[in-house]
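Chains as they are written, first to last, in my numbering: chain G, 3 to 168; chain B, 1159 to 1269.
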């Protein structure tokens, strides 16, 4: 078994266990910390796929900025295990069953899709994920969406300030 | 690595996010599960981008096929960051009005 396969299975197990712990933790602060672990596992998958730029952006933007924002809001509201609202047990069972049905349907669809048999995702090699190539594409072919996204950020900032000031 | 493994991983993460949205009542946790679903789709996009790159690489060594998928992931991250800032502002406003983040308090919209 090659080292990349071992890393793949380790990161997969880490992502799935951490994602389950996000749901199962009673304390919202622990949920945030488990979600940070999920994001680090996904960043590891990006590195394994040689998408280095996305791995770094995922770590900085998601695990860094967004999760710290969540943590701030949770601590601002002083939420803990005692104030955590819980659904009754039947609603939880119904939610788990319907999510499981969705997963089964997805897996059945993927299993009978013949287009994807024998295809592999390129690990470790391939240069499209490097910052040089992505930057060239981003500032030549995709420069208009890039500039529009700055307008989106501006409007989101204005919206957050207007909502927060009320 | 076969593409199916990545598809199964992303679908499992997505389904866990769906179960979280359905079973939790804390608005912040629901929001975090939505982030989890976004990340599952990001992982799938990157895996498919590398899959198409591998196919194109067999005929042309200098090809750039598949770079669109990774740029799309970049734009999804941009939109997600904007969404989180507005969404958390809405949750803070809701907490100020009801002193709770329980989404069942929001059913007053029904009447």
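All C-beta atoms in this analysis are idealised placements derived from N, C-alpha and C, irrespective of residue type, glycine included.
ask   = Between residue 128 of chain G and residue 1211 of chain B, which are expected to be in contact by the criterion C-beta below 8 Å, what is the C-beta distance as a whole number of angstroms?
value = The pair is a contact, with the Cβ atoms about 5 Å apart (cut-off 8 Å).
key: Residues near residue 125 of chain G in its chain [Cβ-Cβ closer than 7 Å; skip 5 each side]   = If we look at residue 125 of chain G and ignore the five residues flanking it on each side, its Cβ neighbours are 6, 50, 51.
task = Sort out for me which residues DSSP pairs residue 122 of chain G with in a bridge.
result = Answer is B/1160, bridged to residue 122 of chain G.
request  = Return no unless some Cβ of chain B is closer than 8 Å to the Cβ of residue 142 of chain G.
outcome  = The beta carbon of residue 142 of chain G sits no closer than 8 Å to any beta carbon of chain B.
message = Suppose you measure from the CA of residue 1184 of chain B to the CA of residue 1235 of chain B; what does that come to, to the nearest Å?
response = For residue 1184 of chain B and residue 1235 of chain B, the distance between alpha carbons rounds to 24 Å.
inquiry  = Does chain B have any CB closer than 8 Å to the CB of residue 97 of chain G?
reply    = For residue 97 of chain G, the answer is yes, since a Cβ of chain B falls inside 8 Å of its Cβ.
ask   = Within this structure, are the beta carbons of residue 1 of chain G and residue 1223 of chain B separated by less than 8 Å?
value = Here chain G covers residues 3 to 168 and nothing more, so residue 1 of chain G does not appear.
ask   = Going by other Cβ atoms of all chains shown within 10 Å of its Cβ, with 16 needed for buried, is residue 1228 of chain B buried or exposed?
value = By the neighbour-count rule (16 or more Cβ atoms within 10 Å), residue 1228 of chain B is buried.
ask   = What's the gap between the Cα of residue 104 of chain G and the Cα of residue 1171 of chain B?
value = Near 12 Å, if we compare the C-alpha coordinates of residue 1171 of chain B and residue 104 of chain G.
ask   = Which same chain residues, not among the five before or five after residue 24 of chain G, have their C-beta less than 6 Å away from its C-beta?
value = Within its own chain, the residues whose Cβ lies closer than 6 Å to the Cβ of residue 24 of chain G, once the five positions on either side in sequence are excluded, are 33, 36, 37, listed in chain order.
task = Evaluate the contact criterion for the region 1174–1182 of chain B versus the region 100–120 of chain G: three or more CB pairs, one atom per stretch, below 8 Å.
result = Two segments are said to touch when three or more pairs of C-beta atoms, one from each, lie closer than 8 Å; by this definition the region 1174–1182 of chain B touches the region 100–120 of chain G.
query = What residues from chain B crowd round residue 135 of chain G, counting only those whose CB sits closer than 7 Å?
reply = Identification of chain B residues near residue 135 of chain G by a Cβ-Cβ cut-off of 7 Å yields 1222, 1225, ordered along the chain.
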